[in-house]
């Protein structure tokens, strides 16, 4: 086996194993969200997170991937159904003797990595985008409209953004827009879609009092929130690290190692920064803000994690975390309800990270800004239209009574912890 | 280092890293089961799952592996104790200079992968089989008989099935029985053992009312059930993907990638199918059925995940999920009590998957059927005898009083959530 | 690509992927500890575990690594700030054409693995050491002093121990001290630091009654304790397995496989041994002792996991588990309060494992003993001084009132499960 074939094997394997860790991030979002919502809504959010990963897998297989990567002509790829191994790969898999393998392998090796390993790695990224939406809109968006929106997000919205930026021939890629693992493409896209949803669906009843007060809701389960963030941190090594094994050679290995170290440093800096700023900004030392600060650090480093002086990762992650904490406060002031702080972490952190990549990796700041704005405008407007149409057609929000009783009982008929006695009332409804 | 040595390293590494993810499935079963049982039994099921992995490791080391793989003569391998690196490997590990390494390496490389990496990958599969049993029999089988049965399952029953099917010289292997990652060998074996146990141990008191009603028990913790299923899904990439790195070359990498994609698609299809059919079949939109549908999809694709048209994975996984949902209803009608739906997912899903592999990978349908029936008959009968003998000798079932109070208090003396106030009564005993 | 480059890629990749699993152990400790403490302290321990990983990452980057590995002259390395890719690596990463890569790669490949992959793998070990301390001192040590101690542990104490033993030129390394993955260096170091802290901070109020009784506290959440131990077990494959890929060749792959199998066997033996001895030693069949027995088995095999007869791993792990169970009782008799049994598992298990390595891998028993004693004396004394100084300056212990109300409410303002109704009183204070 020669060096090129070895690189092929390594790169395919790298996509698969790191991709598996990125898939694991869906469990992280699920735990984070399920522990953050009130107990009466903790089952439905599990179903949403579990279901969205299934929808992402089927939707990206059916159409999304082809729209994003096949024959991209500036704005969009190909409307063709399904994906599969290449012809050369099918021929190789069909071999039953060594001579056939020897004849068929070179054509396969040429493509750099196996088609399906690449598809798998791309697919788990889509799922991340969908996970961001579910957290922001928890406790009030209905199950069906959420799943329908998710299906459109993973088959159309995300793939179109991806075609612009990561597809060969995409208009932003041609202009040099640089977003290595997706601060904008994955995280801000999810954040914009969530913001549009939050505006259409509205805040939870009682979240924002008439007198300007903001009421916090009791989370159901702090340890699984923490577990969820640890899972995200772990998965992010795959998210960023897996994105850079360009050739399966020494240069790639060095880059991957640097990226993973930078990713870790940015997250660590984010944790520490938010630990310190949460008191002045939010008025309390806040566990959620600290956890979210780690996530914001990760989001921020995602666009440009390749810098060779890792101290910059600390700067970028730390600032990303401060941006996120300020964003939590900003949303409160704008009376936009985001249950888990997904918009501050993924949207605001993602914008910062995409601009910071201009410093870190030498991308053009103006092009980065164009990318941020055009992706933002596209995703926000299309998402807003979809949410609004869904609202007209089937209604996106549960009834006030369902909000009062809890989605678990009303939409699913199963409480998350049915045997545990709960506090009499943890509703946000005003007591007057 | 030449190509053959590189393949050796890659293949060994692949077994280790994917094997580690399969080990992780034990934690998945543990969370799934602990969250599914009532609060009063949630500690004991943790101990069972933790203990069974330890027993599997020791039992398969002591005897199981040799029975399954060493000098298999049709029905069974060798009754010899312990495993270890090969002589050539020991010689290589003892080298202290480069000349020795150079001399010793070729004999090692020849074997394809390191002996211990292969053993590790096989061992974690055994543990999966044992995990299936614990879930079905939860809340009523005593700790000791469960551990004794587990020890016999991992040292005798499973290895004999494995010798027939995966051992060089096994009678089913010689006939061309095809079960790539173990729909029958791992999952149905666990399912048959669980079914035999369920019949001997009997249903939980009050599960099936005299008037024909079936009573559902409240699960203790839905988020960790969901976490458990996410863990299983993640681990399954190792389960199926790790099973096909035949040579550590490009052909293997292509196959592995295809397998992992098919695995994911089958699971996703299973989730969506069960989400839709749970209402007509079970009378409710059911979170457990949806989660179980994902598992059934995974079980179904396990026998033949190598098809090059991934759309077939959707078909196989989707049908597997429907089979599982129908199976949940069938067990209720037969008054067989399976706490987590392990038998529908792993046994029924496994049978379907093994037959479906005939379509997917071109295996002979009749041979597949012979394999399904003979493995089923063997495992079910032997398991039934063992459970019955254990019942005679030491009793396999906790007392009705213990069932009422809970296994945690009676068998272990530690509640799962001792500080939380619980609902007064979540027993299944009839109220008359 | 030649064999040397391939080895470089494989070794770097191995450090990254196994290192990611070791990072995951931090989540394991977090779940283990959060589930073991009483409900009223379960949020703060999450913050401690999350924060310590961030501190470890920044501290080891800023100073720790250089103190441990750069120009070690017997006792200590270099006081220089920050780490980064080597000059040769930076040059390689800066290449934009194939000719440059070809010219720059050889100087990089020569070093064996990428600098940052090595740093990453080292960093996650530091975090493990810090995690051990948090568990032992849970429910009473204040947040700030804990974080300050952690910062000193990861930037000074651990790196100095590491310089002695793993740094080229360290005085214990030169004498032949052998501790392959760190039974002493990582685990006992954490254990000694925890012991010093436990003595300075003191036992929880009421833990040890005036009449000599020892009171157990109710754990908050058994399933996540179990999950935590499963995570540790999984992570340990990376911990021990990742430590031995010396050259990325067949010999290394064989060793890694053997190490992972030995690691698993030692843990399994530890589980079974403690299951049996917990009743005679502790007077009850104990789930915690069984879980801890698995951890102790893992700690014990960590110093010398390379033996080619795996049955010895069973012996070492089994004895380590018994040592741990006896240690739990010993601490009770000495009235030293260790909430999760971290000192018995990591300190006592680590001492045993380091001595056992003399049998297993042929290290000199006297040198091993010198290593154990000198590391122990250094870590214990320095840690004791730091804890004592912190106590004088800012106070290391929460107030009795805070202990009564719970750290979550007092230090953080957020309960772990705020909606669940709890038992009226789970305090340890004497009822008179």
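Protein chains in written order, with this note's numbering: chain A, 1 to 432; chain B, 1001 to 1432; chain C, 2001 to 2432.
Glycine is no exception: its CB is placed at the ideal position from the N, C-alpha and C atoms.
Per DSSP, what kind of secondary structure is residue 141/A in: helix, strand or coil?
For residue 141/A, the three-state secondary structure derived from DSSP is strand.
Can you confirm whether residue 2058/C, when its beta carbon is compared against all beta carbons of chain A, has any partner nearer than 8 Å?
Contact with chain A is found for residue 2058/C, since one of that chain's Cβ atoms lies less than 8 Å from the residue's Cβ.
Within 10 angstroms of its Cβ, does residue 1215/B collect 16 or more other Cβ (buried), or is it exposed?
The C-beta of residue 1215/B has fewer than 16 other C-beta atoms within 10 Å across all chains shown, which makes the residue exposed.
Could you say which of 2281/C, 2278/C, 2300/C, 2253/C lies nearest to residue 2265/C if we only look at CA atoms?
2300/C
Express the C-alpha separation of residue 394/A and residue 2083/C in angstroms, rounding to a whole number.
56 Å
Taking the alpha-carbon positions, what's the residue 1254/B to residue 1367/B distance?
28 Å
In the DSSP assignment, find the unbroken alpha helix (DSSP H) run with residue 125/A in it and report its ends.
Under the DSSP assignment, residue 125/A falls in the alpha helix (DSSP H) whose first and last residues are 115-136.
For a contact defined as C-beta to C-beta under 7 Å, what are the partners of residue 2119/C on chain A?
261
Using C-beta distances below 6 Å, list every residue in its chain close to residue 384/A, excluding the 5 sequence neighbours before and after it, in chain order.
Answer for residue 384/A: 196, listed in chain order.
Are residue 1240/B and residue 1181/B closer than 8 Å when you measure CB to CB?
A Cβ-Cβ contact shorter than 8 Å links residue 1240/B with residue 1181/B.
Quick check on this structure: which residue in 2109/C, 2207/C, 2101/C, 2069/C has the alpha carbon closest to the alpha carbon of residue 2335/C?
2207/C
Sorted by chain position, which residues of the same chain lie with C-beta nearer than 6 Å to residue 23/A's C-beta, five sequence neighbours on each side aside?
Hits under 6 Å: 124.
Would you decide whether residue 280/A is buried or exposed? Buried here means 16 or more other CB atoms lie within 10 Å of its CB.
Its Cβ having fewer than 16 others within 10 Å, residue 280/A is exposed.
Could you tell me the boundaries of the alpha helix (DSSP H) in which residue 1404/B lies?
1400-1405
Taking 8 Å as the CB-CB cut-off, is residue 2420/C touching chain A?
yes
Kindly indicate which three-state DSSP category residue 355/A falls into: helix, strand or coil?
helix
Name, going along the chain, the residues of the stretch 2065-2089 of chain C whose beta-carbon falls closer than 8 Å to a beta-carbon of chain A.
2082, 2083, 2084, 2085, 2089
Going by other Cβ atoms of all chains shown within 10 Å of its Cβ, with 16 needed for buried, is residue 1213/B buried or exposed?
exposed
Please work out which residues of its chain come closer than 7 Å, Cβ to Cβ, to residue 1361/B, disregarding the five sequence neighbours upstream and downstream, and give them in chain order.
1178, 1304, 1306, 1307
Which residue wins for smallest C-alpha separation from residue 103/A, given the options 111/A, 114/A, 91/A, 113/A?
91/A
Use the C-beta contact count for residue 1348/B: other C-beta atoms within 10 angstroms, 16 or more gives buried, fewer gives exposed.
buried
For a cutoff of 8 Å on Cβ pairs, would you count residue 309/A as touching chain C?
yes
Leaving out five residues on either side along the sequence, give the residues of the same chain with a beta carbon under 8 Å from the beta carbon of residue 1198/B.
1136, 1137, 1336, 1337, 1338, 1343
Is DSSP giving residue 2214/C helix, strand or coil here?
In the structure shown, the three-state DSSP call for residue 2214/C is strand.
Could you name the residues of the same chain whose beta carbon sits closer than 6 Å to that of residue 363/A, not counting the 5 residues immediately before and after it, in chain order?
Excluding positions up to five away in sequence, the list reads 178, 357.
Is the Cβ of residue 2218/C closer than 8 Å to any Cβ of chain B?
Under the Cβ distance rule, residue 2218/C counts among the residues neighbouring chain B, one pair being separated by less than 8 Å.
Hey, does residue 2339/C have any beta-carbon neighbour from chain A nearer than 8 Å?
no
Does residue 519/A come within less than 8 Å of chain B when only Cβ atoms are used?
Residue 519/A lies beyond the residue range present for chain A, which begins at 1 and ends at 432; the question has no answer from this structure.
Between the C-alpha atoms of residue 269/A and residue 278/A, what's the straight-line distance to the nearest angstrom?
14 Å
Closer than 8 Å is the cut-off here; do at least three beta carbon pairs connect the stretch 2400-2410 of chain C with the stretch 2041-2056 of chain C?
yes
With burial defined as no fewer than 16 other Cβ atoms inside 10 Å of the residue's Cβ, what is the status of residue 2108/C: buried or exposed?
buried
So what does residue 422/A bridge to, in DSSP terms?
2420/C
Using a cut-off of 8 Å between C-beta atoms, extract the partners of residue 2249/C located in chain B.
1001, 1005, 1009, 1101, 1105
By DSSP's criteria, residue 170/A is part of a beta bridge. Which residues make up the other side?
According to DSSP, residue 170/A bridges with 74/A.
CB residue 511/A to CB residue 2330/C, shorter than 8 Å?
Because residue 511/A is not part of the residues shown, which for chain A are 1 to 432, the question remains open.
What distance in whole Å lies between the Cβ atoms of residue 417/A and residue 39/A, which are believed to be in contact at a cut-off of 8 Å?
6 Å
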